[in-house]
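**Q** Pasting a structure here, questions to come.
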Amino acid sequence: MKKIKSLLCVFFLLISCIAFGQKKVEVTERNTTMSLGARSGYSVTFEDMDKKELKSRFEDFVEQYGKKVSLDEVTKTEYIVNDVIVTSISEQPIDIYLLFEETNSGTVITGFFDTGDMFISSATQPQKYSEAENFMRRFAWRVEKIKIQERLNITQKLLDRKQDEKQDLERRKQTLEEDIVDCTKTIENAKNDIQQNEKDQEGKKTEIADQQKSLNDINDELKAYENY
């Protein structure tokens, strides 16, 4: 039984890792035409993102390699970053060309890695090919991380707003409860005032009766002198 429970725990742990793990990124090596002719590059598709946004994301991404950059335009769809040191690819500076192809569903970026004497490809430099591929994959993950962070920020703001709204409701409830207490006190005071008023009326009736008797007595006394 303990063994079955252990296996179930491992199973659910694996499911959780799969459910919340990194997004699978397809990096495709392809030979395509860029400004220097046909070269091997590494393509990644970014859904629902345009060239302008991805350029900014790439500039931020490259800063981790110790280089603050602004992509230099080669053509309207091609840009270059000069002299970047990506140690997993080369200890020496390399040039990275980026080709942007915008579609209705997003943008395809193809990265070309120039080591100075040749462009990296699985055929010419198989030992560096996987690192060039991983570079593009890491960039895609960085973009995905930023998108998730933006979603998180939006969700956090919505949560904060709902919490503020809840606090407003709590304050309103407290005010209403205080109003009820005040109204209850007012009603209770009014009831007491009514009781006192009724007592005062009874007392006033007695006073009126006494005063009426006095008036009658004086009238009777006055009648004794009506002929004078």
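Using our numbering, read the sequence shown as starting at 237 and increasing by one per residue.
Every residue, glycine too, gets a C-beta built ideally from N, C-alpha and C.
(1) For E414, count neighbouring C-beta atoms within 10 Å of its own C-beta (all shown protein chains included) and say buried if the count is 16 or more, exposed if not.
(2) Using CA coordinates, which residue listed in I332, E299, K381 and E338 is at the minimum distance from Q258?
(3) So does the region 304-321 actually touch the region 386-399, counting three or more Cβ pairs closer than 8 Å?
(4) Closest to P329 by CA distance: which of L290, Y301, E337 and T422 is it?
(5) With 16 other CB atoms within 10 Å as the buried threshold, where does I321 fall?
(6) Let me check understanding here. Comparing Cα to Cα, which of M270, R407 and K441 lies closest to L335?
(7) Touching or not, the region 366-374 and the region 276-286, by the rule of three or more beta carbon pairs under 8 Å?
(8) Taking the alpha carbon of V344 as the point to measure from, which residue in N425, F375 and I444 has its own alpha carbon closest?
(9) Please report the distance separating the alpha-carbon of L243 from that of V305.
(10) From the DSSP output, which residues share a beta bridge with D308?
(11) Can K291 be considered in contact with the ligand PLP, in the sense that its beta carbon sits closer than 6 Å to one or more heavy atoms?
(12) Counting C-beta neighbours from all protein chains within 10 Å, is the total for R293 16 or more, i.e. buried, or is it exposed?
(13) What is the rounded straight-line gap between the Cα of I444 and the Cα of C419?
(14) Rounded to the nearest angstrom, what separates D350 and Q403 at their Cα positions?
(15) What is the C-beta distance between V261 and W377, in whole angstroms, given that I count them as a contact (C-beta under 8 Å)?
(16) For E289 and E338, I'd like the C-alpha separation in whole angstroms.
(17) Could you tell me which residues DSSP puts in a beta bridge with S276?
(18) Can you tell me whether DSSP reads V261 as helix, strand or coil?
(19) If you follow the beta strand (DSSP E) that F349 is in, where does it begin and where does it stop?
**A** Taking the structure as given:
(1) The residue you call residue 414 lines up with position 178 of the sequence shown. Around the Cβ of E414, a 10 Å sphere holds fewer than 16 other Cβ atoms; the residue is exposed.
(2) Against the sequence shown, residue 258 aligns to sequence position 22. Ranking the options by Cα distance to Q258, first place goes to K381.
(3) Because the criterion of three Cβ pairs below 8 Å is not met, the region 304-321 and the region 386-399 do not touch.
(4) Position 93 of the sequence shown, counted from the first residue, corresponds to residue 329. The shortest Cα separation from P329 among L290, Y301, E337 and T422 belongs to Y301.
(5) As a working mapping, residue 321 is identified with position 85 in the sequence shown. Its Cβ having fewer than 16 others within 10 Å, I321 is exposed.
(6) Along the sequence shown, one-based indexing puts residue 335 at 99. Checking every option, the nearest Cα to that of L335 belongs to M270.
(7) In short, these stretches touch, since the Cβ pair count reaches three.
(8) Within the sequence shown, the letter at position 108 stands for residue 344. Nearest of N425, F375 and I444 to V344, Cα basis: F375.
(9) Taking the first residue of the sequence shown as 1, we reach residue 243 at position 7. Taking the first residue of the sequence shown as 1, we reach residue 305 at position 69. Confidence is the limiting factor: at L243 the pLDDT is only 41, short of 50, which leaves the residue's position unreliable, though a coordinate-based value still follows. Distance from the CA atom of L243 to the CA atom of V305, rounded to whole angstroms, is 50 Å.
(10) In the sequence shown, counting from the first residue as 1, residue 308 sits at position 72. D308 is bridged to I316.
(11) Absent from the structure shown: the ligand PLP. Ligands present: none.
(12) As a working mapping, residue 293 is identified with position 57 in the sequence shown. Classified as buried, R293 has 16 or more neighbouring CB atoms from the shown chains inside 10 Å of its CB.
(13) Translated into the one-based positions of the sequence shown, residue 444 becomes position 208. Translated into the one-based positions of the sequence shown, residue 419 becomes position 183. Cα to Cα, I444 sits roughly 36 Å from C419.
(14) Taking the sequence shown and counting its residues from 1, the one referred to as residue 350 is at position 114. Taking the sequence shown and counting its residues from 1, the one referred to as residue 403 is at position 167. Between the alpha carbons of D350 and Q403 lies a gap of roughly 58 Å.
(15) The residue given as residue 261 occupies position 25 in the sequence shown. The residue given as residue 377 occupies position 141 in the sequence shown. The beta-carbon distance between V261 and W377, rounded to whole angstroms, is 7 Å. This is short enough to meet the 8 Å contact definition.
(16) Position 53 of the sequence shown, counting from 1, holds the residue named residue 289. Position 102 of the sequence shown, counting from 1, holds the residue named residue 338. C-alpha separation (whole angstroms): 12 Å.
(17) Numbered from 1 along the sequence shown, position 40 holds the residue referred to as residue 276. N267, per the DSSP bridge assignment.
(18) Indexing the sequence shown from 1 puts residue 261 at position 25. DSSP, reduced to helix, strand and coil, places V261 outside both helices and strands of the structure shown, so it counts as coil.
(19) Working through the sequence shown from its first residue, we reach residue 349 at position 113. Counting along the chain, F349 sits inside the beta strand (DSSP E) bounded by residues G342 to D350.
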